[in-house]
Every structure is written in C-alpha cells, then in structure tokens.
Amino acid sequence: MADENTPQQPQMPAASTPASAPAAPAGHAGGTGHSGPGGPGRFGGPRPQGGRPSGPGGPKRGKRNFIRKKKVCRFCVDKSDYIDYKKAEILAPFLQERGKILPRRMTGTCARHQRWLAVAIKRAQNIALLPFAAEL
C-alpha cells in the first residue's frame with residue numbers, strides 16, 4: 000500500500016540513447032541541417048495524427064464546388080463580321096501591358112474571332128495605333 004502513494008518514474012526504453020554518448024545540440028545532426036525522424040532538430044519528431052487523408056477511402060475534406068462562369072465571345076455577342084484594326088480602343092483590352100496578345104482562355108474569345116483579333120492587333124501595331132511593348 001505504501002507503493003501506491005509514492006510517485007513512480009516512467010521507465011526509459013533500453014534502446015534509446017546510451018548514457019556514454021553525448022547528445023547532439025538541436026539543429027546540428029551531421030551537418031545536414033536536420034536530423035532523422037524522431038531526433039532533435041527542425042524537422043524531427045513524430046508526425047501528428049490525422050494528417051493527410053489516406054486515399055479514396057480516407058476521410059473527406061470540405062471540397063469546394065466551384066462552377067466557372069462560361070466566358071462568351073464579345074464579338075459573337077455583337078455579331079461582328081469584321082474586327083476593325085483602326086479602332087484601338089476596342090483592341091486595347093486584348094493586349095497585355097508588355098504588348099502580348101491575351102489568350103482565348105483569358106478573354107473568352109472564340110477561335111475565329113481570336114484569329115481576326117490577332118491580325119487586327121498586329122496591323123494596329125504596325126501603324127503605331129497600339130504599342131509593341133510597354134516603356135521600360
């Protein structure tokens with residue numbers, strides 16, 4: 000009964016660190032910058048429980064259902080047959096700051112009008128209505 004009241008110290012496993020071997024300071028394990036699993040250092044220690052899901056059968060996280068709005072071609076909406084290269088104010092939004100033509104996936108332009116748009120922008124650049132590149 001006397002043993003129940005006295006606090007017992009937890010026993011250390013025999014395979015841990017030997018008493019004669021000095022412990023390495025934290026962050027200095029062989030010059031690699033980190034120590035192995037379970038050792039002292041920046042990346043050591045056990046992994047926390049409940050980390051990544053374990054594949055298709057694992058716990059599901061809150062997945063966002065993002066529905067992208069379909070981009071429509073601005074020129075198809077206006078039913079334009081021709082993109083005028085002389086109207087720089089219409090062509091300017093389709094150019095990047097560096098003078099590159101924006102791709103279809105960013106503007107929503109259809110393939111036919113993107114080809115016409117590229118020709119019109121190049122013509123407008125050649126007669127100096129639009130810049131080839133921004134000032135550096």
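Under numbering that gives the first Met the number 0, the first residue of the sequence shown carries the number 0, and numbering increases by one thereafter. Just so you know, even glycine gets a beta-carbon here, dropped at the ideal spot from N, CA and C.
- For isoleucine 120, the uninterrupted alpha helix (DSSP H) run begins and ends at 110 to 125, by DSSP.
- Remark: C-beta atoms of glycine 107 and lysine 69 approach each other more closely than 9 Å.
- Just measuring C-alpha positions, the residue of Ala133, Gln124, Arg63 and Ile66 sitting nearest tyrosine 84 is Gln124.
- Residue Leu94 holds the alpha-carbon nearest to the alpha-carbon of leucine 129 among Arg114, Leu101, Leu94 and Val71.
- Note on isoleucine 66: under 16 other CB atoms within 10 angstroms of its CB, so exposed under the neighbour-count rule.
- One Cα belongs to phenylalanine 74, the other to histidine 112, and the distance between them is close to 7 Å.
- Scanning Tyr81, Glu96 and Lys62 for the CA closest to the CA of alanine 132 turns up Glu96.
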